[in-house]
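Numbering (my numbering), first residue to last: 251 to 477.
Here it is as structure tokens:
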């Protein structure tokens, strides 16, 4: 039980709202010490783990960059850009992004993400397009658009990544099948994923079309109804 002291330290640290990095490192050192490791071994494990996952720091660096861009009007500029295109709808914006995300996934290009693209760009562009077509679109509709915008990332990323033969999803499928005694080729798995990706894109397109219909049906001012 004493070896679980690291979990206790993390729980207490988060409850007390101490510095996250300090809490995690302290928990790791404490766990190593009660497990019979000396300090040099502990630091070696921490350093090795950091080097193996250093790419994660690149993702973390994007967060303050996105925050600064939003602070200086990235969302507003994205909405203004799309509002100048009169015939663009929220559904068409999301459809185009889903297609781009699928293609990027098939090419193993790490494009997109809820934090990097959906929140600062795609969501405000879709909302701007919706307001451009119907000024009565408000906060309630914005929440619905947010959900569809997040879904567009999920559709494109989840179904697009399996189109690449060396993606983690494809290799996981191959490994699982081999453990069950079935020989599978990554290329065959990727080929089998093509119709699924097409179906996912069609399904997403239908949901976006229904979204446009719902947004266009939003009550308009009496003067516009001709009453």
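Just so you know, even glycine gets a beta-carbon here, dropped at the ideal spot from N, CA and C.
With 16 or more neighbouring CB atoms inside 10 Å of its own CB, residue 369 falls in the buried class.
Take residue 252, set aside five residues on each side of it, and the residues of its chain with a beta-carbon closer than 8 angstroms to its own are 284, in chain order. DSSP places residue 445 inside the alpha helix (DSSP H), whose first and last residues are 436-466. Listed in chain order, the non-local C-beta contacts of residue 421 below 8 angstroms within the same chain comprise 436, local neighbours out to five positions each way being set aside. Between residue 415 and residue 376, the CB-CB gap reaches or exceeds 9 angstroms. Note on residue 338: 16 or more other CB atoms within 10 angstroms of its CB, so buried under the neighbour-count rule. A Cβ-Cβ distance of about 5 angstroms is found for the pair residue 380 and residue 465, placing them in contact under the 8 angstroms criterion. In this structure residue 288 is exposed. Its beta-carbon is surrounded by fewer than 16 other beta-carbon atoms within 10 angstroms. The way I'd put it, the region 401-416 does touch the region 349-361; three or more beta-carbon pairs between them come closer than 8 angstroms. Counting along the chain, the unbroken alpha helix (DSSP H) around residue 351 starts and ends at 340-356. Excluding sequence positions up to five before and after residue 290, its CB lies less than 8 angstroms from no other CB in the same chain. Put simply, the backbone Cα of residue 407 is about 14 angstroms away from that of residue 440. Under the three-state reduction of DSSP, residue 414 is assigned to coil, being neither helix nor strand. Counting the other CB atoms within 10 Å of its CB gives residue 295 a total below 16, which places it among the exposed residues. When the alpha-carbon of residue 348 is set against those of 463, 457, 394, the nearest one is in 457.
In summary, residue 452 is exposed, with fewer than 16 beta-carbon neighbours lying within 10 Å of its beta-carbon over all protein chains present. Secondary structure of residue 361 (DSSP, three-state): coil.
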